[in-house]
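The numbering of the sequence shown is the working numbering, which starts it at 4 and goes up by one. Think of the CB as a built atom: it goes at the ideal place given N, C-alpha and C, for glycine as much as any other residue.
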Amino acid sequence: MPLPHWTSENVLPPGRHPADLSDIYERFVWDAPHRNEREILFSALSGYLGVVCRLIPSGRAWIAGGLAVRSAEVPRDVDVVVIPDEWGALKRLDGPARSLFYGMFTLRGVIAEQPVTYLEQIQPVNGLVDGFLCHPGDEDVWEAAWSRGPVEGSVKGFAEVEW
Numbered sequence: 004m005p006l007p008h009w010t011s012e013n014v015l016p017p018g019r020h021p022a023d024l025s026d027i028y029e030r031f032v033w034d035a036p037h038r039n040e041r042e043i044l045f046s047a048l049s050g051y052l053g054v055v056c057r058l059i060p061s062g063r064a065w066i067a068g069g070l071a072v073r074s075a076e077v078p079r080d081v082d083v084v085v086i087p088d089e090w091g092a093l094k095r096l097d098g099p100a101r102s103l104f105y106g107m108f109t110l111r112g113v114i115a116e117q118p119v120t121y122l123e124q125i126q127p128v129n130g131l132v133d134g135f136l137c138h139p140g141d142e143d144v145w146e147a148a149w150s151r152g153p154v155e156g157s158v159k160g161f162a163e164v165e166w
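So, in structure tokens, the structure goes:
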């Protein structure tokens, strides 16, 4: 089912809209300005979700951020919150898979050694994806954040990919 058309505010209508990657491409890349930049973000999103789907047997991802707004500004990144269906699967990840999995999410306030460096934020896919993990029971918090429109008090929709 294709994503709904943009509203007059250049966002998706309020709500969670089921989509697959072809739907996301059609609305967020093809039907928006700055197609070249959006192509890069879409490729990052596609690769990101491919790795997440390999590590998590089933779940959902909510897609928002600059890619999900039809704006005159060039989008900088795509925001993704991953909602696993079964948390036990994450606990069963072995060492290399666990490291890969946790490397898929945005880190804030990172201190690295040799040489000592403070980084405000580290994002997956060279900063093109802002990835988050939704813990059980936090879906309402993430839905409220992903629904916040670009103008104070406005509401927007977002895409939901399920696997």
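The beta-carbon distance between V85 and L136, rounded to whole angstroms, is 5 angstroms. This is short enough to meet the 8 angstroms contact definition.
In the structure shown, D88 adopts coil according to DSSP, grouped into three states. Within the same chain, and ignoring the five residues on either side of Y121 in sequence, the residues whose Cβ sits closer than 7 angstroms to its Cβ are I114. The three-state reading of DSSP puts R79 in coil, since its state is none of H, G, I, E or B. Judged by DSSP in its simplified three-state form, D133 adopts strand.
In summary, G98 is exposed, with fewer than 16 beta-carbon neighbours lying within 10 Å of its beta-carbon over all protein chains present.
Pairing S102 with V158, the inter-Cα distance amounts to about 36 angstroms. For D23, the CB contacts under 8 angstroms within the same chain, skipping 5 residues up- and downstream, are V164 in chain order. A buried status is given to W149, since no fewer than 16 other beta-carbon atoms sit within 10 Å of its beta-carbon. The three-state reading of DSSP puts E12 in coil, since its state is none of H, G, I, E or B.
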